[in-house]
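>
In this note's numbering, the protein residues as written are 621 to 747.
(1) Let's test the definition: count the other Cβ atoms within 10 Å of the Cβ of residue 682 and tell me whether it reaches 16, buried, or not, exposed.
(2) Can the beta-carbon of residue 721 be found closer than 9 Å to that of residue 704?
(3) What separation, rounded to the nearest whole angstrom, lies between the Cα atoms of residue 659 and residue 649?
(4) Would you tell me roughly how many angstroms separate the C-alpha atoms of residue 652 and residue 717, rounded to the nearest one?
(5) Nearest-angstrom Cα distance between residue 636 and residue 642?
(6) On the premise that residue 686 lies in contact with residue 726, defined as a C-beta separation below 8 Å, what is that separation, rounded to the nearest angstrom?
(7) Classify residue 732 as buried or exposed, calling it buried when 16 or more other Cβ atoms lie within 10 Å of its own Cβ.
(8) Measure the C-alpha to C-alpha separation of residue 708 and residue 689 and round it to an integer number of angstroms.
(9) Assuming contact is defined by CB atoms lying nearer than 9 Å, are residue 697 and residue 712 in contact in what I supplied?
(10) Where are the alpha helix (DSSP H) runs, 4 residues long or more, that stay fully inside the region 626-660, in chain order?
(11) Quick test of your reading: residue 565 and residue 715, contact by CB under 8 Å. State the CB separation rounded to the nearest angstrom.
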């Protein structure tokens, strides 16, 4: 059975509330997350929270880049600047039209997309 959890709150508020519900109903064996690129603060908060959970629960933390969870669509960096991934290289480009592509977990998680390299992709574009 798959359950859906959604929140419009900031990451720092949503993660603890989400895990409070999840840990009351499930015993995770591994944790998976998108390590970026994207919002610097959201990535930082997610990484610290999940790394702490991984250590505390003594379970592996595995990561992928965000493109694996959004159909390889551009990821907004700021204003009209977007991160793109071409030939395994992540760079930034300016796009005139906004791109909206939600991050969603697939029905069946392809574990092969995730690895032990969990350090966040802090790719801040030049302002």
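Here a beta-carbon is modelled for each residue, glycine too, at the ideal position from N, C-alpha and C.
So, to answer that:
(1) Around the beta-carbon of residue 682, 16 or more other beta-carbon atoms lie within 10 Å, marking it buried.
(2) In this structure, residue 704 does not lie closer than 9 Å to residue 721 by Cβ.
(3) 27 Å
(4) Approximately 31 Å, taken between the alpha carbons.
(5) 10 Å
(6) No, residue 726 and residue 686 are not in contact; Cβ-Cβ is about 14 Å, not under 8 Å.
(7) The residue in question, residue 732, is exposed, as its Cβ has fewer than 16 Cβ neighbours within 10 Å.
(8) 15 Å
(9) yes
(10) 631-645
(11) What the structure shows of the chain is the stretch from 621 to 747, and residue 565 is not part of that stretch, so it cannot be assessed.
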